[in-house]
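First up is the structure itself, then whatever we jot down about it.
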Ligand code: OXD
Ligand code: MN
């Protein structure tokens, strides 16, 4: 069938003229055999899932033990985000800044149009209307993704509010983000993840890994989101959002940015240790926060997502029992290993079964030298499965944020926890976030890979301007969140971690919450506010004397001298667009340290 505009909507899904015109253009370009307008219903999910199983896109897992769970393998050449194929296509390179790959929009469009032409022949084009954010929120955005992948449809249904709800929010004239995903031959040489901020458009070609094809997540919610936020006065951040409830029922909301794969999901779903009876962590989100100053001068946050697209390896009943509950049903697993009983397994889940099929479909046994699950294998689960889901997760107003936590992965220099003196100092701490290379990572030992605010791969514009935007937002807040920096990864001379991490991070979190409410006294140091002696409660922590924490908190002047010198690299890279306030913060720190 040769699709024509007339073949388009015999549907009353939307009367949005601009959306209809664009969808018709893409249909004419990609020439699919059929167009499916997703409505987001259960019946649609059932039909598409059955079709995906018939087509071999999904494999049903043991439906008795894991109801509604399915297994998918992506092409082995597309298993993670591809930063070198990710482009910000602003009219000038300067707008994208030195930390992004850039291509002139007309050149990129021409390349992508040529690739997409006839690229869906014989296939179905799915029209996915979706919301990033709860319906009715002033922060929520509408996206429309056109894709030829049923895996994308079923995953977007988990990760976003998808279907009729999005058409209703869009109305006849609302703004929306255009997203086009063409699977094509999954050819890595022609894989492009292209963002056109000025056109509110994303195009992904030759791709099938979630991070590259679920266009609402990193592409809209962070790259275009950060660009839109800069224009519209809000922040799109790579942050979890959690509610910390005390035994007296006080709820304090916290947002935290850690680099990818540094435990955001675990932290957002933490179970406090025994001694913290009556304390409860509620998850609002595990990956992305959209935050805007409210009329009362506080910063309000929503989680634009509706599900969790988490890294499976390392997830187990000890590291994250909440996640294990969450992924027990209605979950799509990608690139994990498969047991003969059609259960899933990954490194760090528990003892390996005697025989498995690995993520590439090959037989695997515990004596194999390869990984059974891909290190970036994923679960995709609805947030409503989370037994610790915050009741505010769907609140259109969002939650008021009392603390923002930045977290680095630093073997040296940074204490386990410190508090910034003020907003500008906090922005400086966030801007200098990073990970220290260890022998296990490529690079020079001791070198720091900066990942400012965990946004290096996700900031859709010049990072210097981004820091400037952060400083501006602070000026609009009569009651700004307090800003903290944590480092769960400091090591001793023997290379041992100096802080136990995981559930014991609750001890640090309690100090943070107490600081927000003016309850912890703290100690003023050159770095910022640190917990006073014995202020972090270590009761019940076996074989962990207070001296060890004191060691983990120590300020080593030599290390700081080296750190401040290394920070120069980021200042030089961002040049004149680096806000001068951040330079002043560095100088102030230098003089406080007496360097
Ligand atoms: C990431 C992710 O890469 O959340 O940060 O998938
Ligand atoms: Mn992430």
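Numbering (my numbering), first residue to last: 300 to 894. By construction, the Cβ of each residue, glycine as well, lies at the ideal position given by its N, Cα and C atoms. Just so you know, these numbers come straight off a predicted model, no measurement behind them.
Starting from residue i, trace the beta strand (DSSP E) both ways and give me its first and last residue.
| i | result |
| --- | --- |
| residue 510 | Counting along the chain, residue 510 falls outside any beta strand (DSSP E), though it belongs to the alpha helix (DSSP H) covering 509-512. |
| residue 680 | 677-681 |
| residue 704 | 698-706 |
| residue 493 | 491-495 |
| residue 479 | 476-481 |
| residue 534 | 534-536 |
| residue 502 | 500-504 |
| residue 386 | 385-387 |
| residue 659 | Taken as a continuous stretch (DSSP letters only), residue 659 belongs to no beta strand (DSSP E), as it is neither H nor E. |
| residue 281 | In the structure displayed, the chain extends from 300 to 894; residue 281 sits before or after that span and is not available. |
Taking all protein chains shown into account, decide if residue i is buried (16 or more other Cβ within 10 angstroms of its Cβ) or exposed.
| i | result |
| --- | --- |
| residue 472 | exposed |
| residue 809 | buried |
| residue 362 | exposed |
| residue 664 | exposed |
| residue 648 | buried |
| residue 740 | Because residue 740 sits at a pLDDT of 48, beneath the cut-off of 50, its placement in the model cannot be relied upon, and the following sentence gives the value as read from the coordinates. It counts as exposed. |
| residue 879 | exposed |
| residue 614 | buried |
| residue 530 | exposed |
| residue 521 | buried |
| residue 796 | exposed |
| residue 616 | exposed |
| residue 775 | exposed |
| residue 622 | buried |
| residue 857 | exposed |
| residue 778 | exposed |
| residue 709 | buried |
| residue 465 | buried |
| residue 411 | buried |
| residue 468 | buried |
| residue 817 | exposed |
Can you tell me where the alpha helix (DSSP H) holding residue i begins and where it ends?
| i | result |
| --- | --- |
| residue 450 | 449-458 |
| residue 333 | Not the alpha helix (DSSP H): residue 333 falls in the beta strand (DSSP E), residues 333-336. |
| residue 949 | Since the first residue of the chain shown is 300 and the last is 894, residue 949 is not available in this structure. |
| residue 884 | 879-891 |
| residue 326 | 316-329 |
| residue 870 | 856-873 |
Please tell me whether, using a cut-off of 7 Å, the distance from the CB of residue i to the nearest non-hydrogen atom of ligand 3 is below it.
| i | result |
| --- | --- |
| residue 750 | What this structure holds is ligand 1 and ligand 2, not ligand 3. |
Taking the CB atoms as reference points, tell me whether residue i and residue j lie closer together than 8 Å.
| i | j | result |
| --- | --- | --- |
| residue 558 | residue 690 | no |
| residue 820 | residue 719 | no |
| residue 724 | residue 882 | no |
| residue 546 | residue 577 | yes |
| residue 726 | residue 766 | yes |
| residue 747 | residue 848 | no |
| residue 457 | residue 606 | yes |
| residue 433 | residue 700 | no |
| residue 351 | residue 449 | yes |
| residue 334 | residue 426 | yes |
| residue 852 | residue 829 | yes |
| residue 697 | residue 373 | no |
| residue 946 | residue 645 | With the chain represented from 300 up to 894, any question about residue 946 goes unanswered, as that position is not in the structure. |
| residue 604 | residue 504 | no |
| residue 891 | residue 863 | no |
| residue 671 | residue 780 | no |
| residue 580 | residue 687 | yes |
| residue 751 | residue 729 | yes |
| residue 574 | residue 839 | yes |
| residue 256 | residue 453 | Examination of residue 256 is not possible in this model, given that the chain is present from 300 through 894 alone. |
| residue 397 | residue 869 | no |
| residue 493 | residue 502 | yes |
| residue 761 | residue 394 | yes |
Alpha helix (DSSP H) runs contained entirely in the region 398-472, provided each spans 4 or more residues: 404-415, 449-458, 463-469
Are the region 324-341 and the region 414-422 touching, with three or more C-beta to C-beta distances below 8 Å? Touching, per the Cβ criterion.
Is there contact here, the region 536-553 with the region 583-590, by at least three beta-carbon pairs under 8 Å? A contact is defined here as three or more CB-CB pairs under 8 Å, and the region 536-553 meets this definition with respect to the region 583-590.
What residue ranges within the region 591-655 form continuous beta strand (DSSP E) runs of no fewer than 3 residues, ordered along the chain? 598-601, 606-610, 631-633
Spell out a yes or no on whether the region 616-635 and the region 661-676 are touching, meaning 3 or more CB-CB pairs, one atom from each, closer than 8 Å. yes
Only counting runs of 3 or more residues, tell me where the beta strand (DSSP E) segments fall wholly within the region 350-379, in order along the chain. Runs found: 369-371.
Mind listing, in chain order, the continuous alpha helix (DSSP H) runs of no fewer than 4 residues lying wholly within the region 541-592? If we require 4 residues or more, the alpha helix (DSSP H) runs fully inside the region 541-592 come out as 563-567.
Does the region 433-444 come into contact with the region 512-523, if we say contact requires no fewer than three beta-carbon pairs (one atom in each stretch) closer than 8 Å? Between the region 433-444 and the region 512-523, the count of C-beta pairs closer than 8 Å reaches three or more; the two stretches touch.
Under 8 Å, with one C-beta from each stretch per pair, do the region 556-570 and the region 475-489 reach the 3-pair mark? no
Ordered list of alpha helix (DSSP H) runs contained in the region 727-806, each at least 4 residues: 762-774
Three CB pairs or more closer than 8 Å across the region 371-385 and the region 497-514: yes
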